[in-house]
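J.: Mapped onto UniProt numbering, the consecutive letters of the sequence shown carry residue numbers 1 to 621.
Cβ atoms here follow ideal geometry from the backbone N, Cα and C, with glycine treated the same way.
Since we're looking at a predicted model, the values are computed, not measured.
Sharing a structure here in structure tokens format.
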Amino acid sequence: MAELHIHSKLVNLLKQDNIQLRNPPYTTEDREAGQQYLQELAVNYAPIVCFSVSEVASALESIRASEVASGMRNKTYRETCVELFLPKDLKKDTKKNNYLETKLDVLAQDIMDRITEQYGLKYIQLIFKGKTLTPEKRLDEQNVKNNSKIMVLRVSEPERKKQMVEVEEEKKTQDRSVQRTQKGFQILSERDGTDDPATTTFLEIADQKGNPLKIPHSKKKTLILAMGFHEKGRALMKRKQYDTALGHLVQADDQFCKCGSKLLNTVDNYAVLQLDIVWCYQALEALSYLDDGKRRLQMAEDCFHNCYGDQQQRLMKIKGNTGGEEVLFLRLYLLQSILAHMVGNERQATQKLKQAEDLYERLCLDPGEIKELKDLGFSDQEARLGLRACHGNVGKAALHITHRRPEREEMKRKESEKRRMCVEGLATLRELGYSKKDAAWALHQTDGDMDRAYRMLLDSAARTNNTELPINQSKVEQLTYLGFEPEVALRLTGENVRGATQLLQDNQGVLPPELLSPSPASSLSKEPRTTSESAGSGSQGEAPMDVDLVNEVLEDIPLSEEDYLDLTLEEESEVIDKMKSYLYKNDLDGVNAVLAEATALQEGAVVTDLHTLAGEVTSLE
Numbered sequence: 001m002a003e004l005h006i007h008s009k010l011v012n013l014l015k016q017d018n019i020q021l022r023n024p025p026y027t028t029e030d031r032e033a034g035q036q037y038l039q040e041l042a043v044n045y046a047p048i049v050c051f052s053v054s055e056v057a058s059a060l061e062s063i064r065a066s067e068v069a070s071g072m073r074n075k076t077y078r079e080t081c082v083e084l085f086l087p088k089d090l091k092k093d094t095k096k097n098n099y100l101e102t103k104l105d106v107l108a109q110d111i112m113d114r115i116t117e118q119y120g121l122k123y124i125q126l127i128f129k130g131k132t133l134t135p136e137k138r139l140d141e142q143n144v145k146n147n148s149k150i151m152v153l154r155v156s157e158p159e160r161k162k163q164m165v166e167v168e169e170e171k172k173t174q175d176r177s178v179q180r181t182q183k184g185f186q187i188l189s190e191r192d193g194t195d196d197p198a199t200t201t202f203l204e205i206a207d208q209k210g211n212p213l214k215i216p217h218s219k220k221k222t223l224i225l226a227m228g229f230h231e232k233g234r235a236l237m238k239r240k241q242y243d244t245a246l247g248h249l250v251q252a253d254d255q256f257c258k259c260g261s262k263l264l265n266t267v268d269n270y271a272v273l274q275l276d277i278v279w280c281y282q283a284l285e286a287l288s289y290l291d292d293g294k295r296r297l298q299m300a301e302d303c304f305h306n307c308y309g310d311q312q313q314r315l316m317k318i319k320g321n322t323g324g325e326e327v328l329f330l331r332l333y334l335l336q337s338i339l340a341h342m343v344g345n346e347r348q349a350t351q352k353l354k355q356a357e358d359l360y361e362r363l364c365l366d367p368g369e370i371k372e373l374k375d376l377g378f379s380d381q382e383a384r385l386g387l388r389a390c391h392g393n394v395g396k397a398a399l400h401i402t403h404r405r406p407e408r409e410e411m412k413r414k415e416s417e418k419r420r421m422c423v424e425g426l427a428t429l430r431e432l433g434y435s436k437k438d439a440a441w442a443l444h445q446t447d448g449d450m451d452r453a454y455r456m457l458l459d460s461a462a463r464t465n466n467t468e469l470p471i472n473q474s475k476v477e478q479l480t481y482l483g484f485e486p487e488v489a490l491r492l493t494g495e496n497v498r499g500a501t502q503l504l505q506d507n508q509g510v511l512p513p514e515l516l517s518p519s520p521a522s523s524l525s526k527e528p529r530t531t532s533e534s535a536g537s538g539s540q541g542e543a544p545m546d547v548d549l550v551n552e553v554l555e556d557i558p559l560s561e562e563d564y565l566d567l568t569l570e571e572e573s574e575v576i577d578k579m580k581s582y583l584y585k586n587d588l589d590g591v592n593a594v595l596a597e598a599t600a601l602q603e604g605a606v607v608t609d610l611h612t613l614a615g616e617v618t619s620l621e
């Protein structure tokens, strides 16, 4: 991280001073380093970046070599090679990059064999963007491109075999987990709430206060998948399984993007998802995702502003407090500090860390106050959320929790009553001769009101009968001559004789029931209730494997709608300490190193610099 840190700071300084190291006098006509000028530049920059002159000189040469390579007219490296980062003991010239010319449609094992032959490494592992390349897969299948940077790690034979097996098993486990999660939530998204609530779980999407939201069925299915993947990812994050969690969170992101920008800008779920993805990046130390992390944090910040309003006024109006959501901003500021530090922007990194520390001090709870609330019969989660909502006031927190409990119970009671009425209404409409599909659709449109649903079914049937066009008799005769009963076939194909003929031929002249039962979106029909339909309701009509999948994904859905705000802040505390060590300790060590090196130079040439550095040391201490 220190190398990346000094590199970023020097790149920023070079940009500010409009210096391009690939040009003279820093690079000669033979593309060699202009040592004298690079050394002078290193002496000038060392006090600014707080590293020793030798470290700065080495970093400048690395930057220069990179610029020369990228600026050469011959684009061979960028178009046909990958760059290798070899073990240190194999690099004869630490300033020279190592390239390997290769096609991308070859197996990673082929590259490993060439590296073994060229560098004498018997057992190796290739790392690309923080992940181990699978030897049995092609480079392009693993997103390797020309000019990609690949790290070469030396491993022992048993270790290599073990790692290969572990990587493959981990990949299979992750894929299985994603597939099972998707299947489970797809089953749940298909349920419409008309089955027996005692045997069939039904997912409802609610607002910040737990009130169910009315969302179009097509959007609701996608949203349930998105939120389901997100909840599974969050559950894995709690278990510190960040790699697997990231796979689920990326799937959630894909599903959320299908919901449209209007929805994404009005709910905070998408912003929280972006934070969770970048939090996984930092936990995995996936430095290659810097640019993606910056983009996601900006989306999160914009989304929070749109959802919560200026100074979180909209959130205050909806919930009556903003204390719970402050933990989200704590993570946002921490992640922004990390990214700013990684690109060498120390001022912004320090500023964001200060904001995070201030929030942490405010949100960090007294264990005694939590115990006091637990003694009153409240859970740990209720105590934490209540104290943060009331800014640490135990009395107000107790009142807040006490008021919220009956609100939640009342919402559950209303929802349960609505489900019961819906099930009873469905049974009544089925007894009147309507199909389960049509009855469920009508009840969904009328919020479970059976009387209104019945009138809607009658009106829809009347409209269908009034608007139905007569069938052309000559076309009927054409199909009758062929030995078919043609009226329904003609209707289904828009009176296309050729299409109707093909339809009848495909079904041996008898149309199957599923074609005879139109969907609610087009027209409604009455049909007698059948025993098979009435028996297969909810989980009773699902395969045992499907029931297992549903139960598996339901385990990761929290009971509280505010679970995503219930952070213990243990991880945040560790990240704060880590960032403080990077930002403050490294600066002091760097200044001391520069001072020590400066004393070895001629006294007359460095008097002014020493005064400046002494001032910096004083200010830092």
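Which class does K149 belong to by DSSP, given the choice of helix, strand or coil?
T.: Along the sequence shown, one-based indexing puts residue 149 at 149. K149 falls in the strand class under three-state DSSP.
J.: In the DSSP assignment, what are the bridge partners of Y26?
T.: On the sequence shown, residue 26 is found 26 positions in, with the first residue counted as 1. Answer is none; Y26 lacks a bridge partner.
J.: Classify C257 as helix, strand or coil using the three-state DSSP reduction.
T.: On the sequence shown, position 257 is the one that residue 257 refers to. C257: helix per DSSP, three-state reduction.
J.: In whole angstroms, what is the alpha-carbon distance linking K317 and T266?
T.: Along the sequence shown, one-based indexing puts residue 317 at 317. Along the sequence shown, one-based indexing puts residue 266 at 266. Distance between the alpha carbons of K317 and T266 is about 15 Å.
J.: So, with DSSP's three-state summary, where would you put A33?
T.: Your numbering for residue 33 matches position 33 in the sequence shown. The answer is strand: DSSP assigns A33 an E or B state.
J.: Applying the criterion that 16 or more other CB atoms from any shown protein chain within 10 Å of the CB defines a buried residue, is C259 buried or exposed?
T.: Taking the first residue of the sequence shown as position 1, residue 259 is located at position 259. By the neighbour-count rule (16 or more Cβ atoms within 10 Å), C259 is buried.
J.: For L86 and K172, I'd like the C-alpha separation in whole angstroms.
T.: Position 86 of the sequence shown, counting from 1, holds the residue named residue 86. Position 172 of the sequence shown, counting from 1, holds the residue named residue 172. Computed Cα separation, rounded: 29 Å.
J.: Per DSSP, which one or two residues make a beta bridge with K131?
T.: Translated into the one-based positions of the sequence shown, residue 131 becomes position 131. F128, per the DSSP bridge assignment.
J.: State the DSSP-derived secondary structure class of R191, mapped to helix, strand or coil.
T.: Within the sequence shown, residue 191 is the residue found at index 191, counting from 1. R191 falls in the coil class under three-state DSSP.
J.: Does the distance from the C-beta atom of A397 to that of C390 stay below 7 Å?
T.: Residue numbering aside, residue 397 sits at position 397 when the sequence shown is read from its first letter. Residue numbering aside, residue 390 sits at position 390 when the sequence shown is read from its first letter. Yes, Cβ-Cβ distance for A397 and C390 is below 7 Å.
J.: Please report the straight-line C-alpha distance between L315 and Y270, rounded to a whole angstrom.
T.: Position 315 of the sequence shown holds residue 315. Position 270 of the sequence shown holds residue 270. Rounded to whole angstroms, L315 to Y270 spans 16 Å at the Cα level.
J.: Can you have a look at N98 and say buried or exposed, based on whether 16 or more other CB atoms are within 10 angstroms of its CB?
T.: Indexing the sequence shown from 1 puts residue 98 at position 98. So N98 counts as buried.
J.: Would you report the Cα separation of L554 and A349, rounded to the nearest angstrom?
T.: Position 554 of the sequence shown, counted from the start, is the residue given in the question as residue 554. Position 349 of the sequence shown, counted from the start, is the residue given in the question as residue 349. Whole-angstrom Cα-Cα distance: 40 Å.
J.: What residue range is occupied by the uninterrupted alpha helix (DSSP H) comprising C280?
T.: Counting from 1 along the sequence shown, the entry for residue 280 is found at position 280. Element bounds for C280: N269 to L284.
J.: Buried or exposed for Q336, going by 16 or more other Cβ atoms inside 10 Å?
T.: Sequence index remark: in the sequence shown, residue 336 carries index 336 (1-based). Label assigned to Q336: buried.
J.: So the candidates are K354, S189, Q312 and K240; which of them puts its Cα closest to the Cα of L330?
T.: The residue labelled residue 330 in the question sits at position 330 within the sequence shown. Comparing Cα-Cα distances from L330 to each of K354, S189, Q312 and K240, the minimum goes to K354.
J.: According to DSSP, what are the bridge partners of N98?
T.: The residue given as residue 98 occupies position 98 in the sequence shown. Bridge partners of N98: L84.
J.: With a cut-off of 8 Å on the beta carbons, I'd call D566 and L385 a contact; round off their distance for me.
T.: As a position in the sequence shown, residue 566 is number 566, starting the count at 1. As a position in the sequence shown, residue 385 is number 385, starting the count at 1. Between L385 and D566 the Cβ distance is about 6 Å, and since that is below 8 Å, they are a contact.
J.: Here's the rule I'm using: 16 or more other beta-carbon atoms within 10 Å means buried, otherwise exposed. How should T181 be labelled?
T.: Working through the sequence shown from its first residue, we reach residue 181 at position 181. Under this definition T181 is a buried residue.
J.: Would you grab the beta carbon distance between K149 and E61 for me? Rounded to a whole angstrom, and I think it's under 8 Å.
T.: Indexing the sequence shown from 1 puts residue 149 at position 149. Indexing the sequence shown from 1 puts residue 61 at position 61. At roughly 18 Å, the Cβ-Cβ gap does not stay under 8 Å, so K149 and E61 are not in contact.
J.: Select from D447, H444 and R64 the residue whose C-alpha is nearest the C-alpha of P25.
T.: Locating residue 25 in the sequence shown gives position 25, where the first residue counts as 1. Considering only alpha carbons, the answer is R64.
J.: CA-CA distance, D366 and R234?
T.: For the purposes of this step, residue 366 is taken as residue 366 along the sequence shown, with counting starting at 1. For the purposes of this step, residue 234 is taken as residue 234 along the sequence shown, with counting starting at 1. Distance between the alpha carbons of D366 and R234 is about 25 Å.
J.: Tell me whether R239 sits in a helix, a strand or coil according to DSSP, three-state version.
T.: Translated into the one-based positions of the sequence shown, residue 239 becomes position 239. In the structure shown, R239 sits in coil (DSSP, three-state: anything other than H, G, I, E or B).
J.: In whole angstroms, what separates the C-alpha of L10 from that of E346?
T.: One-based indexing of the sequence shown puts residue 10 at position 10. One-based indexing of the sequence shown puts residue 346 at position 346. The straight-line gap from Cα to Cα measures roughly 12 Å.
J.: Check for me: the alpha helix (DSSP H) holding H341 runs from which residue to which?
T.: On the sequence shown, position 341 is the one that residue 341 refers to. Segment E326 to M342, the alpha helix (DSSP H) holding H341.
J.: Express the C-alpha separation of A33 and R73 in angstroms, rounding to a whole number.
T.: The residue labelled residue 73 in the question sits at position 73 within the sequence shown. The residue labelled residue 33 in the question sits at position 33 within the sequence shown. Low local confidence applies: a pLDDT of 45 at R73 is under 50, so the model's placement there is unreliable, with the coordinate-based value given in what follows. Going from the Cα of R73 to the Cα of A33 covers about 18 Å.
J.: Considering only residues of the same chain and omitting the five flanking positions on each side of E372, which have a CB-CB separation below 6 Å?
T.: Residue numbering aside, residue 372 sits at position 372 when the sequence shown is read from its first letter. These residues qualify, in order along the chain: V394.
J.: Just to confirm, are A356 and L334 a CB contact at a threshold of 7 Å?
T.: Translated into the one-based positions of the sequence shown, residue 356 becomes position 356. Translated into the one-based positions of the sequence shown, residue 334 becomes position 334. Cβ distance < 7 Å, so A356 and L334 count as in contact.
J.: Expressed to the nearest angstrom, what Euclidean distance is found between the alpha-carbon atoms of Q36 and A42?
T.: Numbered from its first residue, the sequence shown carries residue 36 at position 36. Numbered from its first residue, the sequence shown carries residue 42 at position 42. C-alpha separation (whole angstroms): 10 Å.
J.: Near M299, what residues of its chain come up, given a Cβ to Cβ distance below 6 Å and the 5 sequence neighbours on each side ignored?
T.: Numbered from its first residue, the sequence shown carries residue 299 at position 299. Cβ within range, chain order: Q274.
J.: Taking C-alpha atoms, which residue in V423, S379, R420 and K240 lies nearest to T402?
T.: Walking along the sequence shown from the start, residue 402 turns up at place 402. Among V423, S379, R420 and K240, the Cα nearest to that of T402 is on S379.
J.: Taking C-beta to C-beta, are V167 and T116 nearer than 7 Å?
T.: Counting from one through the sequence shown, the residue named residue 167 turns up at place 167. Counting from one through the sequence shown, the residue named residue 116 turns up at place 116. No.
J.: Does the Cβ-Cβ distance between S189 and K221 come in under 7 Å?
T.: Within the sequence shown, the letter at position 189 stands for residue 189. Within the sequence shown, the letter at position 221 stands for residue 221. Result yes, Cβ atoms of S189 and K221 sit closer than 7 Å.
J.: Give the DSSP-derived three-state secondary structure of L549 in the structure shown.
T.: Translated into positions along the sequence shown, residue 549 becomes position 549. In this structure, L549 counts as helix in the three-state DSSP scheme.
J.: Which whole-angstrom value describes the C-beta separation of E79 and N146, a residue pair presumed to lie in contact below a C-beta threshold of 8 Å?
T.: Working through the sequence shown from its first residue, we reach residue 79 at position 79. Working through the sequence shown from its first residue, we reach residue 146 at position 146. That belief holds up - the Cβ atoms of E79 and N146 are roughly 6 Å apart, short of 8 Å.
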